[in-house]
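Undergrad:
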Amino acid sequence: MTNSDPCEIEIFHDVEQRTLYLHLETVHDGAMLCKLCEILNENIPLAEAHKAWQHQEYQYAKALLFMFSVCHIMVLMHPTQTFDVSYIRLFKLVASTRLLY
Numbered sequence: 063m064t065n066s067d068p069c070e071i072e073i074f075h076d077v078e079q080r081t082l083y084l085h086l087e088t089v090h091d092g093a094m095l096c097k098l099c100e101i102l103n104e105n106i107p108l109a110e111a112h113k114a115w116q117h118q119e120y121q122y123a124k125a126l127l128f129m130f131s132v133c134h135i136m137v138l139m140h141p142t143q144t145f146d147v148s149y150i151r152l153f154k155l156v157a158s159t160r161l162l163y
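Using this note's numbering, the first residue of the sequence shown is number 63, and each one after it goes up by one.
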């Protein structure tokens, strides 16, 4: 993972079912968040950290837009029992952007 590609998509192919499974890994995943924190700690001054986090969120939104465009069913996994309401704002943003294109 570099600073320019904070999102990774893993692809699994089930030959028998003729199905592709896409797994989006982003800074919202624990392992990716740790990697990003190490990169930010080493390479980016504290004053520019906010700009870097904004870039990560932008890349995440683009990856979600792609996933919503190509996937029939999406499953969101969250580490706690409570739903993070910030997803509602993000999903509304992705939905409105998707209608534009």
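Idealized CB from N, CA, C, for every residue including glycine.
Short of 6 Å in beta carbon distance, which residues of its chain neighbour Met63, apart from the five on each side in sequence? Order them along the chain.
TA: Summary for Met63: the model assigns pLDDT 43, below 50, so the residue's position carries little reliability, and this model does not support an answer.
Undergrad: Name the one or two DSSP bridge partners that Thr81 has.
TA: In the DSSP output, where bridge partners are listed per residue, Thr81 has Asp76.
Undergrad: Against chain C, with Cβ distances strictly below 7 Å, would Phe153 count as a contact?
TA: Absent from the structure: chain C. Only one protein chain is present.
Undergrad: Looking at C-beta atoms only, is the number of pairs between the segment 133-146 and the segment 106-115 that lie closer than 8 Å three or more?
TA: no
Undergrad: Could you tell me the alpha carbon to alpha carbon distance between Ala125 and Arg151, rounded to whole angstroms?
TA: About 16 Å.
Undergrad: Whole angstroms are fine: how far does the CA of Gln121 sit from the CA of Glu72?
TA: 16 Å
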